[in-house]
Each structure stands twice: as C-alpha cells, then as structure tokens.
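Asker:
Protein chains in written order, with full-length UniProt numbering: chain A, 1 to 315; chain Y, 1 to 315.
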C-alpha cells in the first residue's frame, strides 16, 4: 500500500468565521474581532472569505457573560427549531440568527470553520478546544498550530464527553474550534493574552490557506486532554460553598493530580484531598463563570490521537 | 516638655463594622463577612461590638459590582438627604439605610470604625486605603498592621485628593478604612487573597482591643502612596480604547514609573511612553471595574506621614 492511499482528501475550507463576544466579558476575543471588523488586512488570506463577528453584542455592551442565558450552551436542536415568537430569551433568538447566518448546523450550507475566541480566569495558557476526535481537518490544524507555537505551549482540550459536551456557538460550522486563553479576569484586556490569541489565529489561518493551496499534511499525532468529570466546590446543606480551591491546586491547570493530593481548603482550615483512583489533569480551575455551573474544575485524561495525512480534494 | 504632653488622647472605639459586598462581585470580603455572620468567634474582642455586614446584598446575589450605581460612590450629602420616594436608585436607597444604621455620617452617633473589604483585579497585594492624613487613630492602626504583617508588605493608599476623593460606603464611620486585596478576578475566590484579608482584619481588631485596654502607642511614621492623577486608556475619536496597558507596566503596581517608561501598547504595536515630569507609583493598574470610569491606572506619590503617640481618653 503506497503512502498516497492513506491520504484523506477533504473539502476545501472557503468560508471561515471568527467569533468574539460569545461571552460579553471576555475582552481579548472581543477586542481582536472589533479590530478586525475595522481593518481586516491582518486576517485576509488568498481565496478565503473570513468573517470576524461579535456573537453576543448585547452582552458585550453590558460587559456581562450573557443577557438571559449562556449563548455557548444555546445551540440545541430545540432552541434552533423554536418558532420565532415574542418573548424568546435573547440568546435563543441570537442562536437562531447565528444559525441562519453561519449554518444551518449540520448542513452542507454551513460555514467551513468557526473559531470562537474565549478567555478564562483560569491559568490555562493557550488552549484549543475540539469537540471530535475524528475530525482530521481540525486535528491537522491544531497539530500545525502547536508546532508553530513551540517552544510555547498550546494545549488541546477534547470535549467529546457523552454527557458533558454542550451545544456551543461554534457548533454550527463544519469544523468548530474553540480558543480559550487565560488567565485574564472578566472585563480586563491583558496584552499578553491578546497577543497570544492573535498569534494562534494567524497560524490557524495560515494552515487553512496552505491546505486550500493543495499542500499535503503528513500523518501526525496530537496530545490532547479529554474531558472526564466536573468537580463541584464542597457545599453545606443549603448549597453554600464551604471551601476554596486549595493553594496547591490553584493555577496548576494541566498538571497531574493524584489520589491524596490537596484539592480544597475549607474556610475553617481543613484540607480536602483528591479521592479519584487515577491521575487526572485538572483544567478550568476556579473559573469565575463556572461558580454558577457548580464547577470548581474539570478533570481530564491525557490521550494521543492519530490523524491521517490530509490534502484538499480536487473535484 | 515631657513625652506625656505629646500623647493625643482619643475616644475609645466601641462599635466596629466590617462591610463586605459593597461591590457584589468581590468575593473574598463577601465570603469572610458571610462566614463571620454565621460564626463570629474569630472576630470577637473584649468590650467591642463588632458587626459583620453585607452592604449591597442585591449586587452580591447577582454577583455584579452594583445594581443601578456604584454604592462606593453613593454616600454624598445629596444622596443621604434625598427624600424616601419611590423610584430611588437601589444603591441610593441602600446608602440611606446604611447611613441610618451605621451613621449618620459626621455625627457623634456614627460607628467608630468601618472596615470595608474590597478586591481588585490589579496586582496591588494587600492595601489599606485611608481618606485622611490627620486621623491619628487610623495612622496608628495601619502602622500596627504593617508591622504585624512584616515581612509581608501591606501598602497604604491615601485618597485625600481635592477632586478624586469619593463618597465611600465606609465614610459614614468616624474612622473609615478600606481594605483592597488583589489580584483576584471578579466572581472568583482565591484562598491566598482570602487568607491575607483575614489576617489583616485580625491585626486591625487586635489593635482596637489594645487601644481600648489603655495601651499607649508611641509616635510613628507611615509610608503612604498619595493619590495624584487618574490616567485613561488611549482612545479614538469615538471614545473606543485603542491601546492596552503595556506588558512592562501590567502587574507592576507600586513600582516607580519614570518619564520615558512604557505605559501603553496600541493594538497596532506602538509603545506609548509616560510623559510626566516626576517619578510616580502607579496603582489600580488595569482594574476591571475602572474601564467604565475611564481609568487605566492611578498615579501616586510616596510620602511619609508622622503620627503622634495616642492612647485612650479616660473621661
């Protein structure tokens, strides 16, 4: 079997959107997208239609995560098929609009790629978020980005969990990529976070341009962190939080957590240890927006994904 | 002249309040105050009435800075004397209530001391905020706290500016002390910030108990940073921000800034230099809540304040 037979031929990616402000208080993505709406020279690529877009403008105006409900959980079949009646939640209306503009989700009319730019208060550094372990285009793209970013790290979070996966804004595209950079407080623009995000987008668009030009990308492997479990803060019988993320865990996103390691510190000074049987890699540690989701951190396991060689299908 | 003649005799401090949640998304103060409301053992001191109090409960519930307007700017004579009519802004109503409970501001009935617990997204560490350079009780108290905290730093910000001073929640007390600890993102509780705040409160209450017991505190000097000027972000003609805090300034609260040092980085990569004639000490650098106040940082100058010896007046 010649190496040629192992090359997967994929459709060209012609239409790409870059979303900022899916959460209205995550400033780096919002600022980049607004900048590119004013002047797109930096994101123009040969033969590509690239659309920078503010996905939740009312939340951006208020500098709050959302108006009525989290837009990044709103792209469910129920919401997208809801009739256009008065009194729909703002983000449900908006999800339907975005689905009309960039989808419909799951159809051949959908945009090829959507990058959705997010910031986190967690110390996650640069993180690409994928929703499928079998999307060769995305796997090759994140492999390209990781190589281009070296020696700086760019982690890959794989949110392919049967229960914990959620209906993201970017999910209307054929290939959806979340970009999460932190730490950055809500409502703050930090130059280091802004510049990291900008660099990743540059490499991502370069990859798409190269792919479209016919370049073949050889087989590769990608080191990913697969979502496993959400861990809540300890609470009393009234549901109030009774402990904080332990100082030994705070800011240690992506570092191994073993059975017996400290995870929480109660307000009265008691340490709570991790009781899971296996080593996990926590992430989204102490993210501001996840208090309301009852989530102190997410555990992940490390996994190596293999991707076929790819090139553009000529048809 | 004997040393006794230089001792200022001050009124005993019998009633002390500890406010959390003047800003509803500053979690360390809110969590401490809620904890002390449930169990006050830790803050009890001989002969002292100590009242932990959530000052903006509706903002705390929403985890937002305020509902209608910033409570920590609302204690103006106009607001406090506004008639109790329908349709008052929530924080104006609340200011009037707090003034009735802990004031009236400027009267002999007012609480002796109010500590107001705040968090900042800026890298300010532990900061005590005073509003008067001549309040001997407060100067001696912050001197005591600074000594007790050593070798850890506790900075003192003196907000005694003719224009930039504002009408704080704590200003209803005879002696008002702001406590600002960071960095901590809005909506996040960090154990290190929480514990620092708790330690400072312990020392502050110890000081008051000692003072009330008749201990004389010798003359002292206090190194303070006096508020000078608010610096806005660079903006375009539409009022939109065009630059970020420069990476060389970001997180460098309290460090000297000299003419010619970088302060901003424009989105197109140009560095903007500091043009002031004198060395200043910036603080509240890139604080999330100050974007709406058009404030990228505040400059301060360093000053040494001298305080007389004090002891309790026996009358």
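Here a beta-carbon is modelled for each residue, glycine too, at the ideal position from N, C-alpha and C.
1. Tell me which residue opens and which closes the beta strand (DSSP E) that residue 300(Y) is part of.
2. Near residue 304(Y), what residues of its chain come up, given a Cβ to Cβ distance below 8 Å and the 5 sequence neighbours on each side ignored?
3. What residues from chain A crowd round residue 246(Y), counting only those whose CB sits closer than 9 Å?
4. Cα separation between residue 11(Y) and residue 287(A)?
5. Please state if the CB of residue 281(A) and the CB of residue 259(A) are separated by a distance shorter than 9 Å.
6. Can you check DSSP and say which residues form a bridge with residue 129(Y)?
7. Any idea if residue 153(A) is buried or exposed, counting beta-carbon neighbours within 10 angstroms, 16 or more meaning buried?
8. Taking the C-alpha atoms as reference points, what is the distance between residue 22(A) and residue 51(A)?
9. Considering only DSSP beta bridges, list what residue 244(A) is partnered with.
10. Can you list, in chain order, the residues of the region 284 to 314 of chain A whose Cβ is nearer than 9 Å to any Cβ on chain Y?
11. Taking residue 32(A) as the reference, which of 66(A), 112(A) and 199(A) has the closest Cα?
12. Indicate whether at least one CB of chain Y lies closer than 9 Å to the CB of residue 234(A).
13. Quick one: using the 10 Å Cβ neighbour count with 16 as the cut-off for buried, is residue 72(A) buried or exposed?
14. Which whole-angstrom value describes the C-beta separation of residue 175(A) and residue 135(A), a residue pair presumed to lie in contact below a C-beta threshold of 8 Å?
15. Show which residues of chain A have a CB atom less than 7 Å away from the CB atom of residue 187(Y).
16. Can you give me the Cβ contacts of residue 146(Y) inside the same chain, cut-off strictly under 6 Å, excluding the 5 residues immediately before and after it?
17. Leaving out the 5 sequence neighbours to the left and right, which residues in its chain are closer than 7 Å to residue 277(A) when beta-carbon positions are compared?
18. So what does residue 19(A) bridge to, in DSSP terms?
19. Is there a C-beta anywhere in chain A that falls below 9 Å from the one on residue 250(Y)?
20. Can you find a C-beta in chain A that's less than 9 Å from the C-beta of residue 265(Y)?
21. Residues of chain A with a CB under 7 Å from the CB of residue 194(Y): which are they?
22. Check whether the region 175 to 193 of chain A touches the region 242 to 250 of chain Y, taking contact to mean three or more Cβ pairs, one atom from each stretch, closer than 8 Å.
23. Please name the residue in 165(Y), 76(Y), 213(Y) and 56(Y) whose C-alpha comes closest to that of residue 116(Y).
24. Which first and last residues belong to the beta strand (DSSP E) in which residue 228(A) is found?
25. Could you round the C-beta distance between residue 219(Y) and residue 272(Y) to whole angstroms and report it? I think they count as a contact, below 8 Å.
26. Am I right that residue 177(A) and residue 130(A) are in contact with their C-beta atoms under 8 Å? What's the rounded C-beta distance?
27. Counting C-beta neighbours from all protein chains within 10 Å, is the total for residue 237(A) 16 or more, i.e. buried, or is it exposed?
28. Kindly give me the distance between the Cβ atoms of residue 313(A) and residue 9(A), rounded to whole angstroms, as I take these residues to be in contact under 8 Å.
29. Residues in its own chain within less than 8 Å of residue 44(Y) by CB, not counting five upstream and five downstream?
30. With 9 Å set as the bound, which would you pick, yes or no: does the beta-carbon of residue 124(A) sit closer than that to a beta-carbon of chain Y?
31. Alpha carbon to alpha carbon, how far is residue 216(A) from residue 7(A)? Give it in angstroms, no decimals.
32. Would a check of beta-carbon distances place residue 282(A) closer than 9 Å to chain Y?
33. So which residues of chain A does residue 121(Y) contact, with C-beta pairs closer than 7 Å?
34. On a CA-only basis, which of 127(A), 39(A) and 79(A) is nearest residue 267(Y)? Give me that one, please.
35. Using beta carbons (cut-off 9 Å, strictly below), is residue 63(A) in contact with chain Y?
36. Leaving out five residues on either side along the sequence, give the residues of the same chain with a beta carbon under 7 Å from the beta carbon of residue 95(A).
Answerer: From the atom records:
1. Position 300 of the second chain, counting from 1, holds the residue named residue 300(Y). DSSP places residue 300(Y) in the uninterrupted beta strand (DSSP E) bounded by 297 to 307.
2. Residue mapping note: residue 304(Y) aligns to position 304 of the second chain, counting from 1. Excluding positions up to five away in sequence, the list reads 221, 222, 223 and 224.
3. Counting from one through the second chain, the residue named residue 246(Y) turns up at place 246. Within 9 Å Cβ-Cβ: 191.
4. Indexing the second chain from 1 puts residue 11(Y) at position 11. Indexing the first chain from 1 puts residue 287(A) at position 287. Answer to the nearest angstrom: the Cα atoms are 46 Å apart.
5. One-based indexing of the first chain puts residue 259(A) at position 259. One-based indexing of the first chain puts residue 281(A) at position 281. For the pair residue 259(A) and residue 281(A), the CB atoms are not nearer than the 9 Å cut-off.
6. As a first step, residue 129(Y) must be located in the second chain, where it is residue number 129. In the DSSP assignment, residue 129(Y) forms a beta bridge with 157(Y) and 178(Y).
7. Numbered from 1 along the first chain, position 153 holds the residue referred to as residue 153(A). Exposed: under 16 other Cβ atoms inside 10 Å.
8. Position 22 of the first chain, counted from the start, is the residue given in the question as residue 22(A). Position 51 of the first chain, counted from the start, is the residue given in the question as residue 51(A). Between the C-alpha atoms of residue 22(A) and residue 51(A) there is a straight-line separation of about 15 Å.
9. As a first step, residue 244(A) is located in the first chain; it is residue number 244 there, counting from the start. In the DSSP output, where bridge partners are listed per residue, residue 244(A) has 265(A).
10. If the cut-off is 9 Å between Cβ atoms, the region 284 to 314 of chain A has 286, 287, 288, 289, 291 and 292 near chain Y.
11. Counting from 1 along the first chain, the entry for residue 32(A) is found at position 32. Comparing Cα-Cα distances from residue 32(A) to each of 66(A), 112(A) and 199(A), the minimum goes to 199(A).
12. The residue labelled residue 234(A) in the question sits at position 234 within the first chain. No, residue 234(A) lies away from the interface with chain Y (no Cβ there is under 9 Å from its Cβ).
13. Taking the first chain and counting its residues from 1, the one referred to as residue 72(A) is at position 72. By the neighbour-count definition (other C-beta atoms within 10 Å, threshold 16), residue 72(A) is a buried residue.
14. Your numbering for residue 175(A) matches position 175 in the first chain. Your numbering for residue 135(A) matches position 135 in the first chain. The Cβ separation is near 6 Å, so the contact holds.
15. The sequence position of residue 187(Y) within the second chain is 187, counting from 1. Residues of chain A passing the Cβ test: 186, 288 and 291.
16. As a first step, residue 146(Y) is located in the second chain; it is residue number 146 there, counting from the start. Same-chain partners within the cutoff: 154.
17. Translated into positions along the first chain, residue 277(A) becomes position 277. If we look at residue 277(A) and ignore the five residues flanking it on each side, its Cβ neighbours are 259.
18. Translated into positions along the first chain, residue 19(A) becomes position 19. Partner(s): 53(A) and 116(A).
19. If you number the second chain from 1, residue 250(Y) lands on position 250. Yes - at least one Cβ of chain A is within 9 Å of the one on residue 250(Y).
20. What you label residue 265(Y) is simply residue 265 of the second chain in a count that begins at 1. With 9 Å as the cut-off, residue 265(Y) counts as an interface residue toward chain A.
21. Residue 194(Y) sits at position 194 when you count from the first residue of the second chain. Neighbours of residue 194(Y) in chain A, taken as residues at a C-beta separation under 7 Å, are given in chain order as 244.
22. The region 175 to 193 of chain A, when compared against the region 242 to 250 of chain Y, does touch it at the 8 Å Cβ threshold.
23. As a first step, residue 116(Y) must be located in the second chain, where it is residue number 116. Checked all of 165(Y), 76(Y), 213(Y) and 56(Y); the closest Cα to residue 116(Y) is 56(Y).
24. What you label residue 228(A) is simply residue 228 of the first chain in a count that begins at 1. Bounds of the beta strand (DSSP E) holding residue 228(A) are 220 to 231.
25. Indexing the second chain from 1 puts residue 219(Y) at position 219. Indexing the second chain from 1 puts residue 272(Y) at position 272. By a beta-carbon distance limit of 8 Å, residue 219(Y) does not contact residue 272(Y). Their separation comes to about 44 Å.
26. The residue labelled residue 177(A) in the question sits at position 177 within the first chain. The residue labelled residue 130(A) in the question sits at position 130 within the first chain. The C-beta separation of residue 177(A) from residue 130(A) comes to about 7 Å, placing the pair in contact by the 8 Å criterion.
27. Here residue 237(A) refers to the residue found at position 237 when the first chain is read from its first residue. Flag for residue 237(A) reads exposed.
28. If you number the first chain from 1, residue 313(A) lands on position 313. If you number the first chain from 1, residue 9(A) lands on position 9. Residue 313(A) to residue 9(A), Cβ: 4 Å. Contact.
29. What you label residue 44(Y) is simply residue 44 of the second chain in a count that begins at 1. Cβ neighbours of residue 44(Y) beyond the five flanking positions: 50.
30. Walking along the first chain from the start, residue 124(A) turns up at place 124. By this cut-off, residue 124(A) is not an interface position.
31. In the first chain, counting from the first residue as 1, residue 7(A) sits at position 7. In the first chain, counting from the first residue as 1, residue 216(A) sits at position 216. When rounded, the separation of the alpha-carbon atoms in residue 7(A) and residue 216(A) is 8 Å.
32. Against the first chain, residue 282(A) aligns to sequence position 282. It does not: the Cβ of residue 282(A) has no partner Cβ on chain Y nearer than 9 Å.
33. Reading the second chain from its first residue, position 121 is the one you call residue 121(Y). Close partners of residue 121(Y) in chain A (Cβ separation under 7 Å): 185 and 188.
34. For the purposes of this step, residue 267(Y) is taken as the residue at position 267 of the second chain. When only C-alpha atoms are compared, the closest one is 39(A).
35. Residue 63(A) sits at position 63 when you count from the first residue of the first chain. Answer yes: the Cβ-Cβ gap between residue 63(A) and chain Y drops below 9 Å somewhere.
36. One-based indexing of the first chain puts residue 95(A) at position 95. Closer than 7 Å at the Cβ level, and outside the excluded window around residue 95(A), lie 71, 74, 75, 79 and 80.
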